[in-house]
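Going by this note's numbering, the first residue of the sequence shown is number 80, and it counts up by one from there. Structure first, then comments.
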Amino acid sequence: TAATRQKTSAPNPNLSPSNDRVAHRRQVHRRRGVVVFKKIAVACDESVEAERAFRSALELARFASAELSVITVIEEFPAYIGYVSATAPDVTRLLVDERRAFYENLQAKAKLHAAEVGVTIRAVLTEGSEVASIIDAVERFQPDLLVVGLHRHESDLRIFGGTVHQLAMHVTCDVLGVH
Numbered sequence: 080t081a082a083t084r085q086k087t088s089a090p091n092p093n094l095s096p097s098n099d100r101v102a103h104r105r106q107v108h109r110r111r112g113v114v115v116f117k118k119i120a121v122a123c124d125e126s127v128e129a130e131r132a133f134r135s136a137l138e139l140a141r142f143a144s145a146e147l148s149v150i151t152v153i154e155e156f157p158a159y160i161g162y163v164s165a166t167a168p169d170v171t172r173l174l175v176d177e178r179r180a181f182y183e184n185l186q187a188k189a190k191l192h193a194a195e196v197g198v199t200i201r202a203v204l205t206e207g208s209e210v211a212s213i214i215d216a217v218e219r220f221q222p223d224l225l226v227v228g229l230h231r232h233e234s235d236l237r238i239f240g241g242t243v244h245q246l247a248m249h250v251t252c253d254v255l256g257v258h
């Protein structure tokens, strides 16, 4: 009925400003009731789960003619690396350089795979905490969708508070977890 239509189309006063922004962005990219992702980001490292997430994001970007950003985080070394630095300072620099070269090579391979299917990607290489770095990259790129690989957990309790859960709680875009 008209009253029902009017009631359901009224703005939701319970939406926070960030949720309102997300709702608006979803409305902007809707075509005949289907959400169209124009900007997709994928978190990518050397894990099998990240490889599956990359393949899925690449296929989605190809299908939707979307921009694709590959976000790779070079995480900080553990605290005990300080002992290595104290005894052999050159080793730490060598480890940093090798790690950066490894991830740059990983991103170069991603670009090649993307080029094979006609998708151009933007490679984002950042350093720091995994979650904070991905959130920062997402805020800069402002994708409609963030694709992440899901690790298989033995216990559902380990999922809450994990990387994907933290990302989903802090980014304003949709999050797709890929097994």
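Heads up, the beta-carbon is just placed ideally off N, CA and C, and yes, glycines get one too. Predicted model only: the values in this text are computed from it and were never measured.
Name the DSSP bridge partner or partners of residue i?
i: E146; result: K118
i: G228; result: V257
i: V152; result: T205
What is the C-beta distance between residue i and residue j, in whole angstroms, given that I count them as a contact (C-beta under 8 angstroms)?
i: S148; j: R201; result: 5 angstroms
i: R131; j: V196; result: So it is not a contact: roughly 16 angstroms between Cβ atoms.
i: Y182; j: I153; result: 6 angstroms
i: A189; j: C252; result: About 20 angstroms; that fails the 8 angstroms criterion.
i: G207; j: E155; result: 7 angstroms
Residues in the same chain with beta-carbon distance under 8 angstroms from residue i, minus the five sequence neighbours each way, listed in chain order, please.
i: I214; result: L246, H249, V250
i: R178; result: I153
Please state if the CB of residue j and the CB of residue i are separated by a distance shorter than 8 angstroms.
i: V243; j: L229; result: yes
i: V163; j: A143; result: no
i: L185; j: E138; result: no
i: A216; j: V203; result: yes
Please state whether DSSP places residue i in a helix, a strand or coil.
i: V261; result: With the chain represented from 80 up to 258, any question about residue 261 goes unanswered, as that position is not in the structure.
i: V210; result: helix
i: A202; result: strand
i: A158; result: coil
i: V127; result: helix
i: A167; result: coil
i: D223; result: coil
i: V217; result: helix
i: V243; result: helix
i: R100; result: No answer about R100 holds up, because its pLDDT of 49 lies below 50 and its placement is not dependable.
What residues in its chain sit with their C-beta under 6 angstroms from that of residue i, if we drop five residues either side in the sequence?
i: V121; result: A132, F133, A136, V149, V226
i: V170; result: V163
i: S212; result: V152, T205
i: F220; result: A120, S148
i: H258; result: L229
Enumerate in chain order the residues of its own chain whose CB-to-CB distance from residue i is below 7 angstroms, with the five nearest sequence positions on each side excluded.
i: V127; result: none
i: A129; result: A122, C123, G228
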